[in-house]
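Asks:
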Amino acid sequence: MPITYLHTMVRVRDLDASIAFYKLLGLEETRRYENEKGRFSLIFMSPPGQENAHVELTYNWDGDEGLPSDSRHFGHLAYRVDNIYETCQHLMDNGVTINRPPRDGHMAFVRSPDNVSIELLQSGDHLAPAEPWASMENTGHW
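First residue of the sequence shown: 3, per our numbering; consecutive thereafter.
#1: Which one of H108, R41, Y81 has the shortest CA to CA distance from W135?
#2: Quick one: Cα of R157 to Cα of L17, how far?
#3: Cα-Cα, which of Y61, D84, N101 is closest to A19?
#4: Quick check on the DSSP output: the alpha helix (DSSP H) that includes A22 runs from which residue to which?
#5: Y87 lies in the alpha helix (DSSP H); which residues open and close that run?
#6: For A132, does the three-state DSSP call read helix, strand or coil?
#7: Pair every Cβ in the stretch 88-101 with every Cβ in the stretch 50-58, then say whether three or more of these pairs are closer than 8 angstroms.
#8: Under the rule that 16 or more other beta-carbon atoms within 10 Å means buried, what is R113, buried or exposed?
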């Protein structure tokens, strides 16, 4: 029984803030679907060159009271990055809280504007421990 990955869907409250966050991670909008009758938008975002690794941002035009305040009901999204320290610094420089800093040179967690947990993993071998990451405490939860 063959199976093909399609996408991970996350519901968002502020479409512009969510698109901006995923762009900070390096994703690009690859497709958009607007449904006037259903009053929702679907925005598909993927890493460059990986158009089959979609995150589908689902935005309900009239609000989404059903969206949990802590969107942990599905786990997390995970992305491999070339340099976890540079990626985390870039995110911090743009106002993103690093919830679990990459103290080990390998793994970090951040959250989207809708509390979606994002795991960042260092490509290849772990980087050597470096400041400020090595001594940085966790912030919130992931």
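Just so you know, even glycine gets a beta-carbon here, dropped at the ideal spot from N, CA and C.
Everything numeric in this text was worked out from a predicted model, so none of it was measured.
Replies: So, to answer that:
#1: Taking the first residue of the sequence shown as position 1, residue 135 is located at position 133. Taking the Cα of W135 as reference, the smallest distance to any Cα among H108, R41, Y81 is reached at H108.
#2: Because the chain spans 3 through 144 in this model, residue 157 falls outside it and cannot be assessed.
#3: As a working mapping, residue 19 is identified with position 17 in the sequence shown. For A19, the nearest C-alpha among the options comes from Y61.
#4: Here the question's residue 22 lines up with position 20 in the sequence shown. Counting along the chain, the alpha helix (DSSP H) containing A22 begins and ends at 17-26.
#5: Here residue 87 corresponds to residue number 85 of the sequence shown, with the count starting at 1. It spans 86-95 - the alpha helix (DSSP H) in which Y87 sits, taken as one unbroken run.
#6: The residue you call residue 132 lines up with position 130 of the sequence shown. A132: coil per DSSP, three-state reduction.
#7: Flag = no, the stretch 88-101 and the stretch 50-58 do not touch.
#8: For the purposes of this step, residue 113 is identified with residue 111 of the sequence shown, where counting begins at 1. Answer is buried; the Cβ neighbour count reaches 16.
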